[in-house]
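Down below is the structure, laid out as C-alpha cells.
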DNA sequence: ATTATGTCATTAATATATTAAGTATCTGGT
DNA sequence: ACCAGATACTTAATATATTAATGACATAAT
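Residue numbers (our numbering), protein chains in the order written: chain A, 525 to 664; chain B, 525 to 664.
What follows is the structure, given as C-alpha cells:
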C-alpha cells in the first residue's frame, strides 16, 4: 500500500513549510504573520478589495480574515469602508504606513525568493509552478 | 515585479487546499480533523512513536501535537506510555478501535487518491512528487 | 556527587483554521 | 410594495499554529 510519506497533500505541506523558512525570519522581525503579509501583499497589488475577494486571493476563509483585518486595522496598516452601492460589502485598502512597510520589506523578501529560485533552478521552479496550477484547478 | 499569484508558497498552499477537497468530506463524516488523521495514519505504519518523531513525520509542532494527542486519547483512539529508559519521552500507539477505524476509512480515502491521480495523470503526479522532494530538502 | 547544560514534553498566550449560526443587506418574483 | 431566498460579513465554538517559557529528566564535565 501507499506509504505515509508518499501522500501528496502532506508533501505539499512540507514543501510549503520548507519554502517559508526562507521568508519567516524577515516577517517575524517586522512583527507580521504570514497571513498578514499575504493580505498586505494582495492589497498592494489590487489597491482596494472586498473582503471576499481578499479571502479568495489569499486563501484565507472569511472568519479568519475578519480577525486578521481587525488586527491590521488596529495596527494602522489598513482601513475599511463600506461600499456605497452595496451596504453588505466591505472595501479594504492599505494605509500609507503599510505601503511604506511594503516598500521596505519587499526587496529583502524578493532577495530571499531569488535565493530559493537559484537553489532549485529557475527551470524546475517554473515546471513546479505549472504543475501546481493544474492541481489547483482540480475538483472532485 | 513578480506578481502576487506567482508566489510559490501561496501556490503550494492553494494546491494543498485543492487536493484536500478530495478527502475532507470522508474525514469530516468520520469526525476526524486532517491533523488527527495524519497522526493515526503515521501510527498505523510505525506502530509506536515518540511524540517528537510523530511531530516530525506529521509536520505538526510539538505544542499542537500535545493537544491533538490529548483529544485522540480522550476519544479512545490512542494510548500513551512513558519510555522506561528515558522518562522524558512519551511513546504513543493506536488502540484497536483506531486500527479498526483506519481499516474502514483507508480504502475509501485511497479511492479518492486514485481519482486525484487519474485526473492529473500518474506521470505528472510522480514528477510533482520529485520536485516537492527537492523543495523539502532546501535550506536557506 | 555536583553542577552546568541540553533535551523532551507540556503550558501559556496569541493568532489563525474550520464549521455552524447569526445579522444585515440585496435581489428576484409576485 | 411585499416576501422568500440569496449574499456578504460577522460572531461563536472548538481545533490547530506559532513563539516563548516552564518543569522534569538526562548527560557530560568537573
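All C-beta atoms in this analysis are idealised placements derived from N, C-alpha and C, irrespective of residue type, glycine included. As the structure is a prediction and not an experimental result, all values here were calculated from the model.
By the three-class DSSP mapping on this structure, what secondary structure does residue 531(B) have? Locating residue 531(B) in the second chain gives position 7, counting from the first residue. It is coil, neither helix nor strand.
Quick one: give me the first and last residue of the beta strand (DSSP E) that residue 567(B) is part of. Numbered from 1 along the second chain, position 43 holds the residue referred to as residue 567(B). Not the beta strand (DSSP E): residue 567(B) falls in the alpha helix (DSSP H), residues 558–570.
So residue 567(B) and residue 602(B) are in contact, right, with Cβ under 8 Å, and what is the actual spacing, rounded? In the second chain, residue 567(B) corresponds to position 43, counting from 1. In the second chain, residue 602(B) corresponds to position 78, counting from 1. Indeed they touch by this definition, with Cβ atoms about 7 Å apart.
Residue 628(B), DSSP secondary structure in three states: For the purposes of this step, residue 628(B) is identified with residue 104 of the second chain, where counting begins at 1. Residue state, collapsed to three classes: helix.
Straight-line Cα distance separating residue 548(B) from residue 561(B): Translated into the one-based positions of the second chain, residue 561(B) becomes position 37. Translated into the one-based positions of the second chain, residue 548(B) becomes position 24. Rounded to whole angstroms, residue 561(B) to residue 548(B) spans 11 Å at the Cα level.
Tell me the DSSP bridge mates of residue 651(B)? Counting from 1 along the second chain, the entry for residue 651(B) is found at position 127. Note: residue 651(B) sits in no beta bridge, so no partner.
If you count every other CB in all the chains shown that lies within 10 Å of the CB of residue 627(B), and 16 or more means buried, which is it? Residue numbering aside, residue 627(B) sits at position 103 when the second chain is read from its first letter. Exposed: under 16 other Cβ atoms inside 10 Å.
Separation of residue 586(B) from residue 576(B), as counted between CA atoms: Looking up residue 576(B) in the second chain gives position 52. Looking up residue 586(B) in the second chain gives position 62. So the two alpha carbons sit approximately 7 Å from each other.
For residue 565(A), count the other beta carbons within 10 Å of its own beta carbon; 16 or more makes it buried, fewer makes it exposed. Which is it? For the purposes of this step, residue 565(A) is taken as residue 41 along the first chain, with counting starting at 1. Flag for residue 565(A) reads buried.
Would you kindly check if the distance between the Cβ of residue 559(A) and the Cβ of residue 584(A) is under 8 Å? Taking the first residue of the first chain as position 1, residue 584(A) is located at position 60. Taking the first residue of the first chain as position 1, residue 559(A) is located at position 35. Yes, Cβ-Cβ distance for residue 584(A) and residue 559(A) is below 8 Å.
Among 648(A), 632(A), 622(A), 658(A), which residue has its Cα nearest to the Cα of residue 596(A)? As a working note, residue 596(A) is residue 72 in the first chain. Nearest option by C-alpha distance: 622(A).
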